[in-house]
Amino acid sequence: MPRKLGQHFLRNAGILRRIAEAAAPEPVDTVVEIGPGKGALTGYLLERARRVVAVEVDRELVEGLRHRFSGVENLEILQADVLKTDLARYMPAVIAGNLPYYITSPILERVLQLTPRFPRAVLLVQKEVADRLTARPGRRTYGYLTVAAAVFAEVRVLCRVSPGSFSPPPKVESAVVILEPHPGPLVAEPARFLEFVSTCFRGKRKTLKNNLRSLYPRISELPEASLRAEQLSLQQFEKLYGALVRTV
Ligand code: SAM
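Sequential numbering from 0 applies to the sequence shown in numbering that gives the first Met the number 0.
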């Protein structure tokens, strides 16, 4: 099987079961599965959900899925690019999947935009992405993605997954993350706020003063001026946003 489209199939039954159990700790109505591949996770999800909607872009894999699950009435297989699929129409639904790593960021962006309309998302991602999603301020992995996720959801790592659990094995370590949406975004004006946060992180090694002074000259008067973005918690970003942006 060519390693196109991030196709690394999970073979570890213990991990597959854990993902399905985390996705549906009790029976759930609908699960949207991103990238079902050959259906390894799909089988476990079908045991725990009234309906599974599986979105797979690869035509050959879709044919294989249709064959493997023929006669299974609670599975809907969509041959589609998940980035071009309107997932909102399936909400509320649990989101699950062993993600194709080459499009992790746009998938995460879409998933976060669906909050709070799903109860949880359980996603297998590169360990480096899991680290970024769950980093504390001051850590090397803390960045825009950490803050963007924290605005919309609580994120935790369920378990790490080694390359040997996949066929073929990927070059990187992986981890399963669970995203549980907050009832609403933790900040007002989330899109504008995150644009501001992105500006703060523009030059990661630069101080906030250097990153912000052309747009917000008042930064020079604030105590945060000499800090770097990676040192600020979500609450501190919010305070800074209030001081610099909401007032202009
Ligand atoms: N869930 C399977 C497993 O665990 O064995 C396969 C996971 S594999 C890492 C990622 C899957 O996502 C592949 O089946 C790949 O074809 C599919 N995929 C890649 N790009 C996609 C896209 N844009 N939309 C939907 N599926 C995609």
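Ideal Cβ placement from N, Cα and C applies to all residues, glycine included. Values in this document were obtained by computation on a predicted structure and should not be read as measured data.
8 angstroms CB neighbourhood of residue i in its chain, flanking five on each side removed
i: Ala23; result: Val30, Leu44, Arg47, Ala48 and Val93
i: Ala224; result: Thr206, Leu207, Lys208 and Ile218
i: Pro105; result: Leu82
i: Ala149; result: Leu185 and Leu233
i: Arg2; result: Interpretation of Arg2 is limited by its pLDDT of 49, a score under 50 that renders its predicted location unreliable; the figure taken from the coordinates is listed afterwards. The residues are Pro167.
i: Tyr101; result: Leu4 and Gly5
8 angstroms contact criterion, which residue i and residue j should meet: CB distance rounded
i: Gly36; j: Phe8; result: 5 angstroms
i: Val124; j: Leu98; result: 6 angstroms
i: Val121; j: Ala87; result: With 8 angstroms as the limit, Val121 and Ala87 do not qualify as a contact, their Cβ atoms being about 19 angstroms apart.
i: Phe117; j: Pro91; result: 6 angstroms
Same chain, Cβ closer than 7 angstroms to residue i, five either side skipped, listed in chain order
i: Arg131; result: Thr140, Gly142, Leu144 and Thr145
i: Val247; result: A caution first: Val247 carries a pLDDT of 49, below 50, which makes its placement in the model unreliable, though a value can still be read off. Excluding positions up to five away in sequence, the list is empty.
i: Ala129; result: Val156, Ala174 and Val176
6 angstroms CB neighbourhood of residue i in its chain, flanking five on each side removed
i: Val81; result: Ile33 and Val54
i: Arg155; result: Ile177
i: Pro162; result: Pro168 and Pro169
i: Glu75; result: Val52
Near the ligand SAM: residue i beta-carbon under 7 angstroms from a heavy atom
i: Ala39; result: yes
i: Val56; result: yes
i: Gly142; result: no
i: Leu214; result: no
i: Asn97; result: yes
i: Leu107; result: no
Touch test, the region 161-172 against the region 181-196, Cβ-Cβ under 8 angstroms, three pairs minimum: Under the 8 angstroms Cβ criterion, the region 161-172 does not count as touching the region 181-196, having fewer than three qualifying pairs.
Mind pulling the beta strand (DSSP E) runs of 3 or more residues that sit fully within the region 36-99? Counting whole runs of 3 or more residues, the region 36-99 contains the beta strand (DSSP E) stretches 48-55, 74-78 and 93-97.
Report the start-end ranges of each beta strand (DSSP E) in the region 205-239 that is 3 residues or longer and not cut off at the edges. Taken in chain order, the whole beta strand (DSSP E) runs of length 3 or more contained in the region 205-239 number zero.
Of all the beta strand (DSSP E) runs that stay within the bounds of the region 158-183, which reach a length of 3 or more residues? You should have 173-180.
Quick one: complete alpha helix (DSSP H) runs, 4+ long, within the region 93-160? Restricting attention to alpha helix (DSSP H) runs no shorter than 4 residues, the region 93-160 encloses them at 103-112, 126-133 and 143-151, ordered along the chain.
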